[in-house]
Each structure stands twice: as structure tokens, then as C-alpha cells.
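Note sheet for the following structure.
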Amino acid sequence: MTTVFDFKVKAPSGNEVNLDEYKGKVLIVVNTASKCGFTPQFEELQKLYENYQEQGLEILGFPSDQFNNQEFDDIEETMSFCQRNYGVSFPMFAKVDVKGDEADPLFKHLVSEKKGLISEGIKWNFTKFLVDREGNVVKRYAPQTSPAKIEEDLVKYL
């Protein structure tokens with residue numbers, strides 16, 4: 001059976017990252033955008049990361065520009081923005097497509113494992129997926145769901 005840990009993604013530098021590096025960790029995988037109404041969620045995501053990283057949480061952020069061009073063109077600008085404005089210290093990756101024919105294989109897997117309430121695909125920035133220590137997608141959260149509301153589910157898997 002395919003798990004999240006079977007995928008490879010790109011770091012902002014363009015280097016390939018095997019997600020099996022995160023085996024044994026609980027993950028929150030989120031598609032992000034720097035200029036979105038939900039962008040302040042970075043603050044709550046960072047707080048979760050700080051509170052639970054030592055217990056095995058990793059948050060993996062994937063910038064995407066597919067929703068009203070709400071991401072910077074330059075990945076370095078994205079990284080700087082996230083760090084400067086929200087203190088983001090969790091791993092961020094290269095910009096990806098999260099929907100459509102060109103969607104990153106990781107996101108195709110995530111949506112195939114946990115469909116949305118309205119549709120299968122990702123409809124907006126800050127769709128969040130909770131992944132257990134074995135790499136199974138266990139829960140999906142809508143963009144408007146505050147990361148703080150994920151905490152109750154999260155602690156069950158840590």
C-alpha cells in the first residue's frame with residue numbers, strides 16, 4: 001500500500017527530498033500561499049510545531065500559486081516572507097501544483113486518500129492533511145479550519 005513516505009518532493013533549492021526521512025513522525029501537510037486571507041494560519045501552524053515537534057510532529061508546507069495568484073513568483077521571497085512575518089521554522093518546499101493534471105504526485109495521493117466534503121480536489125489554499133506515523137492519511141481539514149482546531153486530533157497520533 002502506498003503511503004506519504006513513498007513520495008519525493010523538491011526543496012526550495014530544487015534538491016529532491018525523500019519523504020521517508022519523516023518515517024515515524026506525525027505530519028501535517030498543507031498547501032500554502034503568502035497573500036491569502038488564510039495566510040495568518042502560519043502563526044497557528046508554527047505554534048503547533050513548537051509545542052509538538054519534540055513529540056514527533058512535522059509540518060510540511062507546500063506553496064502553491066493555483067488560487068488567484070496568491071503566492072510570490074520567487075521561492076526565496078516566499079521563504080523570507082514566512083520566516084519574517086510568522087517565524088515559520090517548519091519545513092517548506094518548492095512551489096507545487098496541488099490540483100489538475102499537473103498536480104504534484106503527493107497531492108494526488110493525499111486527495112485520493114481523503115476526499116473533501118464538496119469535491120475530491122483541493123479547492124483553496126491551506127487545505128490540511130493529518131498523516132500518522134506510518135504515513136497513512138487519517139484526516140483532511142478545510143482551508144477555513146483553524147490549525148488550533150486540529151490539535152485535539154493531532155495529540156491522538158503523537
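In case it helps, full-length UniProt numbering puts the sequence shown at residues 1 to 158.
Ideal Cβ positions, reconstructed from N, Cα and C, are used throughout, including at glycine.
Taking contact to mean 3 or more Cβ pairs, one atom from each stretch, closer than 8 Å, check whether the stretch 72-85 and the stretch 26-37 are in contact.
yes
With 16 as the cutoff for other CB atoms within 10 Å, does K128 come out buried or exposed?
buried
Bridge partners - L92, DSSP secondary structure assignment
In the sequence as presented, Leu is not what sits at residue 92; that position holds Met. Note: M92 sits in a beta bridge opposite G61.
Under the three-state reduction of DSSP, which class applies to E16: helix, strand or coil?
strand
CA-CA distance, T145 and N15?
31 Å
What residues match up with T32 in a beta bridge as DSSP calls it?
P63
Quick test of your reading: Q46 and F93, contact by CB under 8 Å. State the CB separation rounded to the nearest angstrom.
Not quite, the Cβ-Cβ distance comes to about 16 Å (not below 8 Å), so this is no contact.
Considering only the beta carbon of each residue, do M56 and V30 sit closer than 7 Å?
According to the sequence displayed, residue 56 carries Gly and not Met. Not closer than 7 Å, so no.
Distance between D153 and V137 (C-alpha atoms, nearest Å)
13 Å
Provide the residue span of the alpha helix (DSSP H) that contains K108, from first to last.
P105 to E113
In terms of residues, what are the limits of the beta strand (DSSP E) holding V131?
K128 to V131
Give me the DSSP bridge partner(s) of K10.
E16
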